[in-house]
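Here's the structure we're looking at; comments come further down.
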Amino acid sequence: MRALVGVLGLLLGILVGACLVLANPLAWFNGLPPLPAELAPVKAYRSDDYRGIEAGVAALLGVGRRDRNVALMDPALPHVRIGIVVLPAGEGMPAALAVKVSAIAEENSLWRAQLGTHDYWNIFWPGEGSVFASGYSNFWGVTRDAFFAAARGGDQEFVATEWPVSALSPLGAWTGVTGAAGRYAGFTGEIRELLYPAPPDSTKKGPDWGIALKVNPPPVTPH
Amino acid sequence: MKRLFGVAFVAGLLVVALATTFWPLPKHLRYRSLITVLPDGGRQEDFMVRWPEDRIRLPDKERSGRPAVAAIGVAVLEDSAGRRASAELFRLRDTEDNIIGVASRVAGTGGAIADPGRSASNWLLVIPSRGALFLAQTDVLDTTVREQITADGNVAVPPAQAAAFWTDRSRFRVTATNPATTGSATTGKVLRGTSEFAGLKGSFTETLDLEEVNADGSTRGRILLSTLTAVGN
Chain A
1 MRALVGVLGL LLGILVGACL VLANPLAWFN GLPPLPAELA PVKAYRSDDY RGIEAGVAAL
61 LGVGRRDRNV ALMDPALPHV RIGIVVLPAG EGMPAALAVK VSAIAEENSL WRAQLGTHDY
121 WNIFWPGEGS VFASGYSNFW GVTRDAFFAA ARGGDQEFVA TEWPVSALSP LGAWTGVTGA
181 AGRYAGFTGE IRELLYPAPP DSTKKGPDWG IALKVNPPPV TPH
Chain B
224 MKRLFGVAFV AGLLVVALAT TFWPLPKHLR YRSLITVLPD GGRQEDFMVR WPEDRIRLPD
284 KERSGRPAVA AIGVAVLEDS AGRRASAELF RLRDTEDNII GVASRVAGTG GAIADPGRSA
344 SNWLLVIPSR GALFLAQTDV LDTTVREQIT ADGNVAVPPA QAAAFWTDRS RFRVTATNPA
404 TTGSATTGKV LRGTSEFAGL KGSFTETLDL EEVNADGSTR GRILLSTLTA VGN
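Chains as they are written, first to last, in my numbering: chain A, 1 to 223; chain B, 224 to 456.
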């Protein structure tokens, strides 16, 4: 009986402790505000063509099982993901071909509610131009919601329909968009990324990610 | 019994606190940076990609019956006007042949991007332990990957992976020496860097070196990306 009480107390302590850590309010302060939808509409896409880590908590904590068919097995690349994405046409823009590279941020800190990746994009619109972008995606909110949903017995009612994952870089470093070629050369701007949860009982594959870009032309210098 | 429960509860909290503090979060393996500091200022760092072995194959793109010159892990997007963009994924090496990161080459043609017969291309170099470099250039010719229809479906053929590209040369500079007459791209530019490369700007050149032509018409070689950067250049 004493052992049972001890184990129960320990488990309850671990559960309460995990809840307190996950409920860290810093997670709310770290997030970046969304971009105005009329200026930067979200392009939803599926991220199927990739190699490397899965975008999940296990990989971010370094405990994920590595699928040899997908993982990059080189010693310098176990915590990297690289993939090709086609961003659909719409809102006056043609379809774009893009590459996204994500690398687990070495600066992640569980006390500071930072569990994310540094993300790098190169997006090319045929005949139009191209941009690079850099951001930090924090999966803390995703982890927190998944944990609390599981603690409630898998109740999906309170799980968000989308998670804005873009957050301030733990390095305090620059994030944003840099124009590269064509009519976007010299442009600068901002990037936001969204993660869409897969419906638990759905067999249809919908978009699992969204990206919004807001870019401005370079300032005109008077002659 | 209550006291035991309380002590065990606090011990549980302590376990979480210790795990949160000491959990071994992933770190990236770092190789020594091979940088040459130039006497008149700036720094030179060269990166290398070996083809075809450094191409990153996407899992569902592998199939048999593919021509030897075809590349795996390549995507091509072309609109009805023939304006094309292609993306290639690679492992990235330093000059000591260590795989230090990943790289992508996305090239595009048409309209505002480049003159007819030319392309503009972007290199995204990501070294997980150090950061990323964004490179952009105008190419001396159209270097986008073309799709060819074969009996086994569409295959992607990068120009330099076919022996026909190398009939009269074994070295080829991709980076244009003069800016395009239309469009805004230029000779090779290091546009921006992140993390350890933050604040660096400068120039780069992309050069292809042929090493071997195989009997099946495919080739082996290396892409050399030579960067010359300085802070706030």
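Glycine included, every Cβ here is placed at the ideal spot set by N, Cα and C.
- Between B:Ile323 and B:Ile295, the C-beta gap is not smaller than 8 Å, which leaves the two residues out of contact.
- At a cut-off of 8 Å between beta-carbon atoms, B:Asn377 makes no contact with chain A.
- Separation of the CB atoms of A:Val70 and A:Ile84 is rounded to 14 Å, and the pair is thereby denied contact status at 8 Å.
- Of A:Pro78, A:Val57, A:Leu61, the smallest CA-CA separation from A:Asp67 is found for A:Pro78.
- Counting only residues of its own chain and dropping the five nearest sequence neighbours on each side, B:Glu311 has a CB closer than 6 Å to the CB of Val297, Arg328.
- The DSSP-derived three-state label of A:Val5 is helix.
- B:Phe270 has a beta carbon lying at 8 Å or more from every beta carbon in chain A.
- Put simply, the CB of A:Pro88 is far from chain B, with every gap to its CB atoms at 8 Å or more.
- Within the same chain, and ignoring the five residues on either side of B:Met271 in sequence, the residues whose Cβ sits closer than 8 Å to its Cβ are Leu315, Arg316, Asp317, Thr318, Asp320, Arg445, Ile446, Leu447, Leu448.
- The C-alpha of A:Pro218 lies about 7 Å from the C-alpha of A:Thr188.
- If only uninterrupted beta strand (DSSP E) runs of at least 3 residues are considered, those enclosed by the segment 80 to 165 of chain A are 80 to 87, 96 to 104, 116 to 125, 129 to 138.
- The C-beta distance from B:Ile279 to A:Gly127 rounds to 26 Å, too long to meet the 8 Å contact threshold.
- In the three-state scheme derived from DSSP, where H, G and I count as helix and E and B as strand, A:Val57 is classed as helix.
- Selection A:Val86, A:Trp140, A:Ser130, A:Val101 evaluated against A:Asn108 yields A:Trp140 as nearest (Cα-Cα).
- CA-CA distance, A:Leu115 to A:Ala105, rounds to 8 Å.
- Per DSSP, reduced to three states, the secondary structure at B:Ser393 is coil, with no helix or strand assignment.
- Rounded to whole angstroms, the gap between the alpha carbons of A:Leu168 and A:Leu110 is 15 Å.
- In the structure shown, B:Ile336 adopts coil according to DSSP, grouped into three states.
- When DSSP states are grouped into helix, strand and coil, B:Arg226 belongs to the helix group.
- Boundaries for A:Asn24: no beta strand (DSSP E) harbours it, and the DSSP string shows neither H nor E there.
- Going by DSSP, A:Tyr50 is part of the beta strand (DSSP E) stretching over 50 to 52.
- Going by DSSP, B:Asn437 is part of no beta strand (DSSP E) at all; its letter is neither H nor E.
- Note that the C-beta distance between B:Val397 and A:Ile14 is not below 8 Å.
- Contact between B:Leu431 and B:Phe395 holds, since their C-beta atoms are separated by about 4 Å, short of 8 Å.
- Cβ proximity to chain A below 9 Å picks out Phe228, Gly229, Val230, Ala231, Phe232, Val233, Ala234, Gly235, Leu236, Leu237, Val238, Val239, Ala240, Ala242, Thr243, Thr244, Trp246, Pro247, Leu248, Pro249, Lys250, His251, Leu252, Arg253 from the segment 228 to 253 of chain B.
- Spatial neighbours of A:Val86 in its own chain (CB-CB distance under 8 Å, excluding positions within 5 residues in sequence) are listed in chain order as Tyr45, Ala95, Ala96, Leu97, Ala98.
- With respect to the C-alpha of B:Thr244, the residue from A:Pro75, A:Arg112, A:Lys43, A:Leu60 having the closest C-alpha is A:Arg112.
- For A:Asn122, the neighbours in chain B by C-beta distance under 7 Å run, in chain order, Ser327, Val329, Asn345, Leu347.
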